[in-house]
C-alpha cells in the first residue's frame, strides 16, 4: 500500500513489488519498534552491512512478548513488597536468603558486567545475546519456576524466606528492565512504570533518566553457579527419563541419584527441593552405587553421576527389558572396538595425546553406562 501511495513511477512500483514478493513471499509481519531495534542491534556482530532476516525479527518480537508476559506475571509475586533504595545492596546478606536467590543474583551480576563491557566496546550484538540468554534461561526457565512454591506459601514460618525471594525477584526484574532499556525502550518503560510501590525505591519518574545498572560484587558467587550447573544437568537427565519412558508431567514420580563423589552428593542433597520443583518429582534421594533397586530406570549423566526414576506401576516392565537388552547389544561392541584400538601395537606412537585422552574418557563413559544398564535390566528381571 505504501509503495502505491509513494512518488515512484509505475515501472519502479512494479519492480519494487516484484522485489518485495521475492524477498518476503509470506509478507512482512508487524513486529514493533522494540523487536526491530533489538534485532538490528543483534546484527551488529556481522559488520556494517545487514542482511536482515525478518524471521529473526519475528523471533525477537516473541522475546518481547515473553518479557511482557513474564514480568507482569512476576509482579503479582511482589505486589505486597515495599522496596527500599538500598534493597539491592542488602539482599545478598539477608539471613534467610537461599541458594536459588544467590544463584540468580550471581547470574544478574555476570549479565550486568557483560552488558557494560560490550556497550563500552560498541559490540551491541554480544550485549543482546547476554540479555536474551539471561532472561529466558536463568530467570524464566529456572528462577521463576523455583520460587512459585516459596511465594505461594503464606505460613508464618516461611515469612522470612518468602521476603528474601520477593526482594530478590524485585531486584532482578527492576535491574533487568534498566539493563534492557537501551535495546527495547518502549516495553521496558511501560513495565518499569508498573513496578509495585516504585516510589519507595526511587523518586526518578522515568526509566529513561535512571542510572544504568552497575556490578554489585557481593552478588558474584561462582561456587553457587557451579552447583546450579550440576543441578541443571540432573534436571536434564530427569526430563530425558520422563520423555524416554513416556512419563507424563502431571505424574510426580520418585527420583534418585547415584554418585561416588562427595561433592556431588552434598550439592544435590542441598538442592533436592529445587530438583523436585523443576523435575516435578515427589522425592529426590541418594541411592548406593553398588546396586539399583527393583523398578528403577537409570540415565547416566557422566561417569560421576546417574539419575534414576522409579517406574513401578508406571510402565510395562517387559518392554523395558527388551529395550535394555538392545542397549547392551549396542554398547558391548562399542567398548570392544575402543579396547581393540587402544591395545594396538602402534597406538601410543601414532595417535595424538588429545585423541588418546578423549578415547579413555569415552571408554570409561561407555563402561559405566553398560554396567548401569546391566544392573537396571537385572533389577527389572527380578
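Numbering (my numbering), first residue to last: 645 to 1026.
Where a beta carbon is used, it is the ideal one built from N, C-alpha and C, also for glycine.
Spatial neighbours of residue i in its chain, beta-carbon cut-off 6 Å, leaving aside the 5 residues before and after
i            : result
residue 687  : 694
residue 1009 : 947
residue 743  : 868
residue 732  : 815
7 Å Cβ shell around residue i - same chain, five flanking residues per side excluded
i           : result
residue 672 : 698
residue 909 : 903 and 930
residue 806 : 794, 795 and 797
Proximity test, residue i beta-carbon vs the ligand FMN heavy atom, cut-off 7 Å
i           : result
residue 875 : Questions concerning the ligand FMN fall outside what the structure shown contains, since it holds no ligand whatsoever.
Host alpha helix (DSSP H) of residue i (start-end)
i           : result
residue 989 : Residue 989 -> no alpha helix (DSSP H), and no H or E assigned at all.
residue 701 : 698 to 719
residue 836 : 829 to 837
residue 816 : 803 to 824
residue 768 : 768 to 777
residue 681 : 677 to 686
residue 747 : 743 to 764
residue 660 : 654 to 667
residue 872 : 866 to 888
residue 908 : 906 to 914
residue 795 : 788 to 796
residue 725 : It is not in any alpha helix (DSSP H) - residue 725 carries neither H nor E in the DSSP assignment.
residue 845 : 842 to 845
Cβ-Cβ distance between residue i and residue j below 8 Å
i            : j            : result
residue 728  : residue 804  : no
residue 736  : residue 813  : no
residue 721  : residue 795  : yes
residue 939  : residue 922  : no
residue 819  : residue 857  : yes
residue 975  : residue 1014 : yes
residue 884  : residue 943  : yes
residue 936  : residue 952  : yes
residue 827  : residue 911  : no
residue 657  : residue 680  : no
residue 738  : residue 863  : no
residue 835  : residue 821  : yes
residue 928  : residue 914  : no
residue 800  : residue 678  : no
residue 779  : residue 696  : no
residue 1005 : residue 965  : no
residue 958  : residue 895  : yes
residue 704  : residue 668  : no
residue 1017 : residue 972  : yes
residue 865  : residue 746  : yes
Residues that residue i bridges to, as DSSP identifies them
i           : result
residue 946 : 949
residue 928 : 899
residue 941 : 953
Residues near residue i in its chain [Cβ-Cβ closer than 8 Å; skip 5 each side]
i            : result
residue 1007 : 979, 982, 983 and 986
residue 848  : 854
residue 1011 : 979
Cβ-Cβ separation, residue j to residue i (assumed contact under 8 Å), whole Å
i           : j           : result
residue 802 : residue 726 : At roughly 19 Å, the Cβ-Cβ gap does not stay under 8 Å, so residue 802 and residue 726 are not in contact.
residue 897 : residue 878 : Residue 897 to residue 878, Cβ: 14 Å. No contact.
residue 791 : residue 881 : Not confirmed; about 23 Å, so no contact.
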